[in-house]
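*Asks:*
2 protein chains.
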Amino acid sequence: MPQYPAPPIEAVTITGVLFALSDPSRLRIIAELDRLDAESICDHLGGELAKSTRSHHLKTLRTAGLTHTRTQGRYNYVSLRREELDARFPGLLDAVLAHAPVD
Amino acid sequence: MPQYPAPPIEAVTITGVLFALSDPSRLRIIAELDRLDAESICDHLGGELAKSTRSHHLKTLRTAGLTHTRTQGRYNYVSLRREELDARFPGLLDAVLAHAPVD
DNA sequence: GCTACAGTTCAATAGTTCTAAAACAGTTGC
DNA sequence: GCAACTGTTTTAGAACTATTGAACTGTAGC
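Protein chains in written order, with the numbering used here: chain A, -4 to 98; chain B, -4 to 98.
1. Would you please verify whether the beta carbon of B/PRO0 is less than 8 angstroms from any beta carbon of chain A?
2. What does B/THR10 reach in chain A if we use C-beta pairs closer than 8 angstroms?
3. Just grab the DSSP bridge partners of A/ARG65 for me.
4. Can you find at least 3 beta carbon pairs, one from the stretch 2 to 17 of chain A and one from the stretch 36 to 46 of chain A, that sit closer than 8 angstroms?
5. Between the C-alpha atoms of B/GLU27 and B/SER35, what's the straight-line distance to the nearest angstrom?
6. Quick check on the burial criterion: 16 or more other C-beta atoms within 10 angstroms. Buried or exposed for A/ALA1?
7. Quick check: what's the CA-CA separation for B/LEU40 versus A/ASP38?
8. Can you list, in chain order, the residues of its chain whose CB lies under 6 angstroms from that of A/ASP98, leaving out five sequence neighbours each side?
9. Are A/LEU80 and A/ASP29 touching if we call contact CB-CB under 8 angstroms?
10. Using the Cα positions of B/ALA59 and A/HIS52, report the straight-line distance between them to the nearest angstrom.
11. Determine the direct distance from the alpha carbon of A/TYR70 to that of B/ALA99, and round the result to whole angstroms.
12. Which residues of chain A have a Cβ atom closer than 7 angstroms to the Cβ of B/VAL7, listed in chain order?
13. Grouping DSSP H, G and I as helix and E and B as strand, with all else coil, what is B/SER17?
14. Going along chain A, which residues have a C-beta under 8 angstroms from B/VAL73?
15. In chain A, what lies closer than 7 angstroms to B/ASP89 by C-beta?
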């Protein structure tokens, strides 16, 4: 299952991160990953979305540097790059997630 | 000089703010306003931009709730809604502006 | 091999955004 | 009134984005 690798954290830009988080579906996915504090299967993220739409949003999040994806067997395990992002943009995720939809 | 009023702070959404800040030109404008800590004339913001492009970005920032505009005579004075935004999204602007271009 | 499954990629459409020239509106000062 | 000035609005084009169905890739299990 081919995938774009997540960019190195130094290459992650503030504008790229802000844009990735500015879509309600993507912000929800990030909020879910943060709340879980663990990996999640793609299919369990983002609520009611067509699978191709979900895949598109997950790709956007990955290429913006917000998530990491690991493939094992049939599943792709997605995780939030919390520590790296907190180190690069201190306080940003906390501030954003404080106002993310709690669904 | 007709203008859209800035929305009440309660109507300002996190996704709207993140989107407004996700454009390099707009982020630069916000960083300039923050550094100035004062009102600024439209023409002095955003560096080298066509005036219609500048006006477009300023409108985007205003409707997203980030700025306030006051007209006096020939000039429009733009200011950052710092206190209101800090109250609604604590820590967000600080986190973002810590990584805004310093130009 | 075959079926079921997870997920990506492709293709198409609809809507949005960025950029900027041109035209326009309001203000100032002569 | 008129010219200069600030800024908005209009209009247009190119580029990008969101959404989804369909086709496709790879894996698991029988």
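Idealized CB from N, CA, C, for every residue including glycine.
This one's a predicted model, so the numbers in the text were calculated from it and none came from an experiment.
*Replies:* With the given structure in hand:
1. Along the second sequence, read from residue 1 onward, the residue named residue 0 of chain B stands at position 5. Judged by the 8 angstroms Cβ criterion, B/PRO0 is not in contact with chain A.
2. By one-based count along the second sequence, residue 10 of chain B stands at place 15. Simply LEU16, SER17, ASP18, PRO19 and LEU22.
3. For the purposes of this step, residue 65 of chain A is taken as the residue at position 70 of the first sequence. Paired residues: A/TYR72.
4. no
5. Along the second sequence, one-based indexing puts residue 27 of chain B at 32. Along the second sequence, one-based indexing puts residue 35 of chain B at 40. C-alpha separation (whole angstroms): 9 angstroms.
6. Here residue 1 of chain A refers to the residue found at position 6 of the first sequence. The residue in question, A/ALA1, is buried, as its Cβ has 16 or more Cβ neighbours within 10 Å.
7. One-based indexing of the second sequence puts residue 40 of chain B at position 45. One-based indexing of the first sequence puts residue 38 of chain A at position 43. If you take the alpha carbons of B/LEU40 and A/ASP38, they lie about 45 angstroms apart.
8. As a first step, residue 98 of chain A is located in the first sequence; it is residue number 103 there, counting from the start. Since pLDDT at A/ASP98 reaches only 49, below the 50 mark, its modelled position is unreliable, and the value read off the structure follows with that caveat. Correct list: empty, nothing qualifies.
9. Your numbering for residue 80 of chain A matches position 85 in the first sequence. Your numbering for residue 29 of chain A matches position 34 in the first sequence. No, the pair does not count as a contact, with Cβ atoms beyond the cut-off.
10. Against the second sequence, residue 59 of chain B aligns to sequence position 64. Against the first sequence, residue 52 of chain A aligns to sequence position 57. Each residue's alpha carbon lies about 23 angstroms from the other.
11. Nothing about residue 99 of chain B can be read from this structure; chain B reaches only from -4 to 98.
12. Translated into positions along the second sequence, residue 7 of chain B becomes position 12. Neighbourhood of B/VAL7 in chain A, by CB distance below 7 angstroms: empty, with the nearest CB roughly 10 angstroms away.
13. Looking up residue 17 of chain B in the second sequence gives position 22. B/SER17: coil per DSSP, three-state reduction.
14. Working through the second sequence from its first residue, we reach residue 73 of chain B at position 78. Going along chain A, no residue has its Cβ under 8 angstroms from B/VAL73, so there is no contact; the nearest lies around 20 angstroms.
15. Taking the first residue of the second sequence as 1, we reach residue 89 of chain B at position 94. Chain A residues near B/ASP89: GLY86.
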